[in-house]
Amino acid sequence: MSDRPTPPLCGEPSVPLQDARVVVLPLPYEGTACYGKGTAQGPAAILHASPQMELYDEVLEQETLPEFPIHTLAPLVLEGLPPEEMVERVYQRAKEQLLAGRAILGLGGEHSVTEGVVKAYHAVYGDSFSVVQIDAHTDMRDSYEGSSHSHACVMRRIHEMGIPFVQLGIRSVSREEIRMIRWNGLGSRIFWAKDIHRWQKRGEGRWLDEMAAQLRQKVFITVDLDGFDPAYLPATGTPEPGGLDWFTVGDILDRIAAQCQIIGSDVTELAPIAGHHASDFLAARLSYRLLGYMAQTAGSTK
80 MSDRPTPPLC GEPSVPLQDA RVVVLPLPYE GTACYGKGTA QGPAAILHAS PQMELYDEVL
140 EQETLPEFPI HTLAPLVLEG LPPEEMVERV YQRAKEQLLA GRAILGLGGE HSVTEGVVKA
200 YHAVYGDSFS VVQIDAHTDM RDSYEGSSHS HACVMRRIHE MGIPFVQLGI RSVSREEIRM
260 IRWNGLGSRI FWAKDIHRWQ KRGEGRWLDE MAAQLRQKVF ITVDLDGFDP AYLPATGTPE
320 PGGLDWFTVG DILDRIAAQC QIIGSDVTEL APIAGHHASD FLAARLSYRL LGYMAQTAGS
380 TK
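If you use the working numbering, the sequence shown corresponds to residues 80 to 381, in order.
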């Protein structure tokens, strides 16, 4: 994969940077992964898979590209950096783009890259937005394996920024995290995978309304791909059974977009498996869907 030039998203030529409304920011970093490895190859795998997609989105009923002006940036050089330096470099690059009026679609990389991106949004937007996290894990540890900027700590750092959030698809949590969540009264922000499965099976949609009621008008969506069940996406570092499926994630995104402006998003934790294209393709489709919602809620399509 590394011997091939990386195409822009969907293989569509980027508009000049100064004309872009959204930048695709590849963040190939793996510095704190503790089980399966390979997330540094995730951004390239997503971009290589993306030209194989049809550009018409049957759910959004639009061709986001080439109509919507985006620019795929060169991958940010992060290899070998300590986590705290990585976060700062991502923060500075993301903030530069936001101050220029360009929203961000980040492609990870392990989930720790999200801290730098959200920190940049916080610097520009303050606490006027919510974060929606789709994930198998709460990522609320204060520190993990000696780092407070681990992939296992990203939502703890976001919480400390004062940004409200909701978490969906959760099914793995430590005792430390549960204590912290209960102590801070954050339990209502978690939508456990076991409950979502039960609600979906019964055809109950009220949980989506309860989720949406907690959101501010502006939303940043972060997707750790282990939020999906490994039957659908096995190529991730810590695949947890009992995850979400494609259509449930679609229902979540659709409900958010119905009332909120999606001001940014990222897709993280793809760890490509040689010869297995399905996970790469799902991640590419999801990235394109998120871009479509960003365009649609900005009033720039249809």
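Quick reminder that beta carbons are idealized off the backbone N, C-alpha and C, glycines included. Keep in mind the model is a prediction, meaning the values are calculated, not measured.
Fill in: Rounded separation between Thr380 and Ile237 - CA only
For Thr380, the predicted model reports a pLDDT of 43, less than 50, meaning its position is unreliable and no value from the coordinates is stated.
Worksheet entry | Cα-Cα separation, Ser222 to Val346 | 23 Å
Worksheet entry | DSSP-derived helix/strand/coil call for Ala362 | helix
Fill in: Beta-carbon proximity check, Ile149 vs Leu88, cutoff 8 Å
yes
Worksheet item: For Val298, does the three-state DSSP call read helix, strand or coil?
Response: strand
Discussion item. Can you list, in chain order, the residues of its chain with a C-beta nearer than 8 Å to that of His356? Leave out the 5 residues immediately preceding and following it.
Written reply: Ala128
Discussion item. Restricting to Cα atoms, I'd like to know which of Arg277, Ile183, Tyr204, Ala119 is closest to Val384.
Written reply: Past the edges of the chain, shown from 80 to 381, lies residue 384, and the structure says nothing about it.
Worksheet item: Can you tell me the Cα-Cα spacing of Ala99 and Arg181, whole angstroms?
Response: 7 Å
Discussion item. Tell me whether Val252, by its Cβ, gets closer than 7 Å to a heavy atom of the ligand MG.
Written reply: Because no ligand of any kind appears in the structure shown, any question about the ligand MG cannot be addressed here.
Worksheet item: Straight-line CA distance for Ser81 to Val197?
Response: Model confidence at Ser81 stands at a pLDDT of 49, short of 50, so the residue's coordinates are unreliable; what they give is reported in the following sentence. About 28 Å.
Worksheet item: What's the gap between the Cα of Met121 and the Cα of Gln131?
Response: The question names Met, but residue 121 in the sequence shown is Gly. Distance between the alpha carbons of Gly121 and Gln131: 16 Å.
Item to complete: Return the Cβ separation of Glu348 and Thr118 in integer angstroms, given the expectation that the two are a contact with Cβ distance under 8 Å.
Response: 6 Å
Worksheet item: In chain order, which alpha helix (DSSP H) runs of at least 4 residues are fully inside the stretch 192-240?
Response: Counting whole runs of 4 or more residues, the stretch 192-240 contains the alpha helix (DSSP H) stretches 192-204, 233-239.
Worksheet item: According to DSSP, is Phe326 helix, strand or coil?
Response: helix
Worksheet item: Just to confirm, are Phe270 and Met290 a CB contact at a threshold of 8 Å?
Response: The Cβ atoms of Phe270 and Met290 lie closer than 8 Å to each other.
Worksheet item: Once you ignore the five residues that flank Glu109 on each side, which residues in its own chain have a CB closer than 6 Å to its CB?
Response: Thr118, Ala119, Glu189
Worksheet item: Is the stretch 213-228 close to the stretch 140-154, with three or more CB pairs under 8 Å?
Response: The answer is no - the stretch 140-154 does not touch the stretch 213-228, with fewer than three Cβ pairs under 8 Å.
Worksheet item: Does DSSP put Gly77 in a helix, a strand or coil?
Response: Nothing about residue 77 can be reported from this structure: the residues present for the chain run from 80 to 381 only.
Worksheet item: For Arg254 and chain B, any beta-carbon pair shorter than 8 Å?
Response: No chain B is part of this structure, which consists of one protein chain only.
Worksheet item: Name the DSSP beta bridge partners of Leu104, please?
Response: DSSP output for Leu104 lists Gly185 as bridge partner(s).
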